[in-house]
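Asks:
In the numbering used here, the protein residues as written are 5 to 256.
Next up, the structure:
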C-alpha cells in the first residue's frame, strides 16, 4: 500500500504517523510549510499592551497560540479579565486551555464559518464598539476579519509568523512520488499552493492523488487547481484526519 504524505511540522507528523501506524496505515513526513516566527514590531507590542481593550481574541492555529502566549507572558503577569477567547480547531484550543484560558470552540466544524456560528459571536457582533484581535500567520484567514468588519466591528491583526516553502521541498516531493506515494494530507490553502509549486511539471500526475483536506474551503481550492480525488476530513485535528484517512484508505 502507498504511503500517505503528512505535511505539517515534523513533530505533528510523527505524532499522527504513530496513530496511523496503529491502524495499519503507512505514512511519510513531508512538511510543506516552514514556520518562521516574525520579530516583534512596535505596533505589535502595542497590540499586546492594549489587550484589555479587546472584547475577544481569535486564535487560528496552534503555532499562533504558542507564539502569542509567549508575547503575552512578556507583558502581562496574568491575562486580563473580560476577554472572550476563541480557537479555530481542537489543537489550537488545547494550547490555550493548557495555559489556563477559557476558550470557546465550535462543535459543528473547525473552520472560520463554524466559529462565527457560535452563539457568543452572534452576541458580540451586536456590540456597537466591538474590538477583536486575531492571532494568526502572515496573510491568514481573511474571512474572519472581513465578517467582523462588515458587522461594524474593529479588527486588529497580530501576525506572529510567516509560512515559507522549505528549500528542498521539490526534491523531497519528487523522491516520495518515485517511491510510490499517491496520497497527501493538505491542511491549508498555502500548503496546497506549495504542493502545486513543488510538483512543477509533475503536477499533471500528482493532482490525481488522493488529497485529504480539512473542509470545504480547501476542498474548493484543490478542485479549482485540478485535484480530482479530494476527501474532506471535517476538521484539521489529528482525530479528524485519522478518521478520514481510515475511512478513505489508499488502495494498492
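Quick reminder that beta carbons are idealized off the backbone N, C-alpha and C, glycines included. Keep in mind the model is a prediction, meaning the values are calculated, not measured.
(1) Where does residue 41 fall in DSSP's three states?
(2) Hey, which unbroken runs of the beta strand (DSSP E) at 3 residues or more fall wholly within the region 37-99?
(3) Which ranges does the beta strand (DSSP E) cover as unbroken runs of at least 3 residues, wholly within the region 194-218, from first to last along the chain?
(4) When you compare each of 80, 255, 256 and 241 to residue 19 by their alpha carbons, which one comes out closest?
(5) So, is residue 132 buried or exposed, given that buried needs 16 or more other C-beta atoms within 10 angstroms?
(6) For residue 186, which residues from the same chain have a beta carbon less than 7 Å from its beta carbon, with the 5 sequence-adjacent residues on both sides left out?
(7) Alpha carbon to alpha carbon, how far is residue 138 from residue 180?
(8) Rounding to the nearest angstrom, what Cα-Cα distance links residue 15 and residue 152 in this structure?
(9) Does DSSP put residue 150 in a helix, in a strand, or in coil?
(10) Measure the C-alpha to C-alpha separation of residue 248 and residue 220 and round it to an integer number of angstroms.
(11) Using a 10 Å radius around the Cβ and a threshold of 16 neighbouring Cβ atoms, would you call residue 53 buried or exposed?
(12) Taking 9 Å as the threshold (C-beta atoms), are residue 171 and residue 142 in contact?
(13) How is the beta strand (DSSP E) around residue 137 delimited, first residue to last?
(14) So what does residue 8 bridge to, in DSSP terms?
(15) Which value, in whole angstroms, describes the spacing of the CA atoms of residue 135 and residue 128?
(16) Could you compute how far the alpha carbon of residue 68 sits from the alpha carbon of residue 27?
(17) So the alpha helix (DSSP H) residue 14 belongs to, where does it begin and stop?
Replies: Looking at the coordinates:
(1) The sequence position of residue 41 within the chain shown is 37, counting from 1. Strand at residue 41.
(2) When DSSP assignments are scanned along the region 37-99, the uninterrupted stretches of beta strand (DSSP E) that are 3 or more residues long and fall wholly within it turn out to be 38-41, 60-63 and 88-91.
(3) Scanning the region 194-218 for uninterrupted beta strand (DSSP E) segments of 3 residues or longer gives 214-217, listed from N- to C-terminal end.
(4) Against the chain shown, residue 19 aligns to sequence position 15. A check of alpha carbon separations from residue 19 across 80, 255, 256 and 241 identifies 241 as the nearest.
(5) Indexing the chain shown from 1 puts residue 132 at position 128. By the neighbour-count rule (16 or more Cβ atoms within 10 Å), residue 132 is not buried but exposed.
(6) As a working mapping, residue 186 is identified with position 182 in the chain shown. The residues are 6, 213, 214 and 254.
(7) Counting from 1 along the chain shown, the entry for residue 138 is found at position 134. Counting from 1 along the chain shown, the entry for residue 180 is found at position 176. Going from the Cα of residue 138 to the Cα of residue 180 covers about 36 Å.
(8) Counting from one through the chain shown, the residue named residue 15 turns up at place 11. Counting from one through the chain shown, the residue named residue 152 turns up at place 148. Distance between the alpha carbons of residue 15 and residue 152: 34 Å.
(9) Numbered from its first residue, the chain shown carries residue 150 at position 146. DSSP places residue 150 in the helix class (H, G or I) of the three-state scheme.
(10) Here residue 248 corresponds to residue number 244 of the chain shown, with the count starting at 1. Here residue 220 corresponds to residue number 216 of the chain shown, with the count starting at 1. Taking the straight line joining both Cα atoms gives about 14 Å.
(11) Numbered from its first residue, the chain shown carries residue 53 at position 49. Flag for residue 53 reads exposed.
(12) Here residue 142 refers to the residue found at position 138 of the chain shown. Here residue 171 refers to the residue found at position 167 of the chain shown. No, Cβ-Cβ distance for residue 142 and residue 171 is not below 9 Å.
(13) By 1-based counting over the chain shown, the position of residue 137 is 133. First-last of the beta strand (DSSP E) with residue 137: 135-141.
(14) Start at 1 with the first residue of the chain shown, and residue 8 comes out as number 4. Bridge partners of residue 8: 31 and 187.
(15) For the purposes of this step, residue 135 is taken as the residue at position 131 of the chain shown. For the purposes of this step, residue 128 is taken as the residue at position 124 of the chain shown. Between the alpha carbons of residue 135 and residue 128 lies a gap of roughly 9 Å.
(16) Reading the chain shown from its first residue, position 64 is the one you call residue 68. Reading the chain shown from its first residue, position 23 is the one you call residue 27. Whole-angstrom Cα-Cα distance: 30 Å.
(17) Position 10 of the chain shown, counted from the start, is the residue given in the question as residue 14. DSSP places residue 14 inside the alpha helix (DSSP H), whose first and last residues are 14-26.
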